[in-house]
Amino acid sequence: MSLYGTMRTGVSGMNAQSNRLSTVADNIANSSTIGYKKASVQFSSMILPTTNGAYNSGGVDTTVRYSISSQGTFS
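Counting from 1 along the sequence shown, just add 8 to a position and that's the residue number in the numbering used here.
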């Protein structure tokens, strides 16, 4: 694995955690908003094909999911 691949993996992980913290902040900020439905973050690993038998790190990807099937708060 190259130095670039190592850095890319680290940056990918930091971006994923940033997305998670942003989602938590949105949930807290909108906790008293009528009709707001909470969001959650789903993490998934990215797998890259190997080149010449060398290991390639893939990193992490995030998907923000909103609870659209749950009922929001009423006033």
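Positions of the beta carbon are idealized from the N, C-alpha and C atoms, including for glycine.
Straight-line gap, residue i to residue j (C-alpha atoms, nearest Å)
i, j, result
"Thr14", "Arg28", "22 Å"
"Ser75", "Ala47", "6 Å"
"Asn35", "Ser65", "32 Å"
"Ser52", "Ile42", "31 Å"
"Val8", "Tyr12", "The requested residue 8 does not occur in the structure, where the chain is confined to residues 9 to 83."
Distance CB(residue i)-CB(residue j) smaller than 8 Å
i, j, result
"Gly67", "Thr31", "no"
"Ala24", "Thr70", "yes"
Contacts around residue i, its chain only, beta-carbon distance under 7 Å, and the 5 residues preceding and following it disregarded
i, result
"Arg73", "Ala47, Ser48, Gln50"
Residues of its chain near residue i, where Cβ-Cβ distance is below 6 Å and the 5 sequence neighbours each way are ignored
i, result
"Asn38", "Tyr44"
"Met22", "none"
N-terminal and C-terminal residue of the beta strand (DSSP E) that residue i is part of
i, result
"Ser53", "47-53"
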